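Everything on this sheet refers to the single structure shown next.
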Amino acid sequence: KNQVEQSPQSLIILEGKNCTLQCNYTVSPFSNLRWYKQDTGRGPVSLTIMTFSENTKSNGRYTATLDADTKQSSLHITASQLSDSASYICVVSASGGSYIPTFGRGTSLIVHP
Amino acid sequence: SAVISQKPSRDICQRGTSLTIQCQVDSQVTMMFWYRQQPGQSLTLIATANQGSEATYESGFVIDKFPISRPNLTFSTLTVSNMSPEDSSIYLCSATERELGGELFFGEGSRLTVL
Chain H
1 KNQVEQSPQS
11 LIILEGKNCT
21 LQCNYTVSPF
31 SNLRWYKQDT
41 GRGPVSLTIM
51 TFSENTKSNG
61 RYTATLDADT
71 KQSSLHITAS
81 QLSDSASYIC
91 VVSASGGSYI
101 PTFGRGTSLI
111 VHP
Chain S
114 SAVISQKPSR
124 DICQRGTSLT
134 IQCQVDSQVT
144 MMFWYRQQPG
154 QSLTLIATAN
164 QGSEATYESG
174 FVIDKFPISR
184 PNLTFSTLTV
194 SNMSPEDSSI
204 YLCSATEREL
214 GGELFFGEGS
224 RLTVL
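Top to bottom, those sequences are chains H and S. Going by the numbering used here, the first sequence opens with residue 1, and the numbers climb by one from there. Going by the numbering used here, the second sequence opens with residue 114, and the numbers climb by one from there.
In structure tokens:
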């Protein structure tokens with residue numbers, strides 16, 4: 001069964017600090033992995049998308065890594081801002097024609113001033 | 114990219130009534146999906162909306178409760194029928210298109226409260 005596990009479930013950090021969110025998956029055969037940011041009351045917005053051959057991808061202060069061998073990904077947020085407070089969701093898709101992805105439960109990040 | 118508009122953005126409904134949520138994409142897309150997100154939870158796929166044919170429902174979701182229409186490649190509706198308080202949730206429309214790199218786009222969601 002395809003599964004995506006995220007950790008930690010929630011995280012509180014001070015403004016300006018860095019943090020790293022984790023995502024482990026068992027989706028196979030692997031096609032791509034995406035990180036989404038979901039602000040409260042809003043729809044998810046894509047931060048990064050990585051395929052099998054990509055190890056790192058950055059989007060501003062967000063850097064995602066992918067280790068396809070160990071089936072792990074991380075999302076690193078640098079110099080956090082109050083606006084980073086949101087839920088971060090890891091989404092993994094399998095190859096083979098199906099576009100139905102597997103969602104993680106998300107990590108709830110709160111950035112305090 | 115694709116821009117997805119959903120309406121209503123929120124509604125408060127009475128038990129036993131039905132509500133139809135509309136989803137409009139600004140470009141033709143191959144696949145459209147409907148998700149439910151309960152408070153504090155991640156997204157759960159309700160069904161894949163198939164253009165011109167019956168939607169494909171996931172386990173635990175049935176057509177009588179969540180009828181879906183998709184008359185063309187840019188529009189879909191989800192109806193939540195005979196609502197109960199347990200249906201209170203955010204309902205999200207999403208779409209993907211191979212020509213867009215397989216990116217999955219989301220609408221802003223429709224927050225439904227059933228009293």
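Here a beta-carbon is modelled for each residue, glycine too, at the ideal position from N, C-alpha and C. Only a predicted model underlies this, so the values are computations on that prediction, with no experimental measurement involved.
Using the Cα positions of residue i and residue j, report the straight-line distance between them to the nearest angstrom.
i                      : j                      : result
residue 112 of chain H : residue 86 of chain H  : 12 Å
residue 75 of chain H  : residue 117 of chain S : 26 Å
residue 187 of chain S : residue 218 of chain S : 13 Å
residue 182 of chain S : residue 160 of chain S : 11 Å
residue 42 of chain H  : residue 150 of chain S : 11 Å
Closer than 7 Å by C-beta to residue i: which residues in its own chain qualify, once you throw out the five before and the five after it? Chain order, please.
i                     : result
residue 50 of chain H : 32, 33, 57, 64, 66
residue 99 of chain S : The displayed coordinates of chain S run from 114 to 228. Any statement about residue 99 of chain S would go beyond what the structure contains.
Does residue i come within less than 8 Å of chain H when only Cβ atoms are used?
i                      : result
residue 194 of chain S : no
residue 158 of chain S : yes
residue 186 of chain S : no
residue 135 of chain S : no
residue 164 of chain S : no
residue 132 of chain S : no
What are the boundary residues of the beta strand (DSSP E) that residue i is part of?
i                      : result
residue 91 of chain H  : 86-94
residue 116 of chain H : Nothing can be reported for residue 116 of chain H, as the shown portion of chain H is limited to 1 through 113.
residue 177 of chain S : Run containing residue 177 of chain S: none; DSSP gives neither H nor E here.
Residues in its own chain within less than 8 Å of residue i by CB, not counting five upstream and five downstream?
i                      : result
residue 20 of chain H  : 74, 75, 76, 77
residue 228 of chain S : 125, 126, 127, 128, 198
residue 59 of chain H  : 47, 48
residue 172 of chain S : none
Closer than 8 Å, CB to CB, is residue i near chain S or not?
i                     : result
residue 8 of chain H  : no
residue 12 of chain H : no
Please return the same chain residues whose Cβ sits closer than 6 Å to the Cβ of residue i, not counting the five positions on each side in sequence.
i                      : result
residue 194 of chain S : 131, 178
Give a single yes or no on whether residue i has its beta carbon closer than 7 Å to a heavy atom of the ligand ADP.
i                    : result
residue 1 of chain H : This structure lacks the ligand ADP; in fact it carries no ligand of any kind.
- Message: Any C-beta of chain S within less than 9 Å: which residues of the stretch 25-41 of chain H qualify?
- Response: Residues of the stretch 25-41 of chain H whose Cβ lies closer than 9 Å to any Cβ of chain S, in chain order: 31, 32, 34, 36, 38, 41.
- Query: Using a beta-carbon distance cut-off of less than 9 Å, what residues from the stretch 74-92 of chain H approach chain S?
  - Reply: Here the close residues are 87, 89, 91.
- Query: Name the residues in the stretch 52-72 of chain H whose C-beta lies less than 8 Å from a C-beta of chain S; which are they?
  - Reply: none
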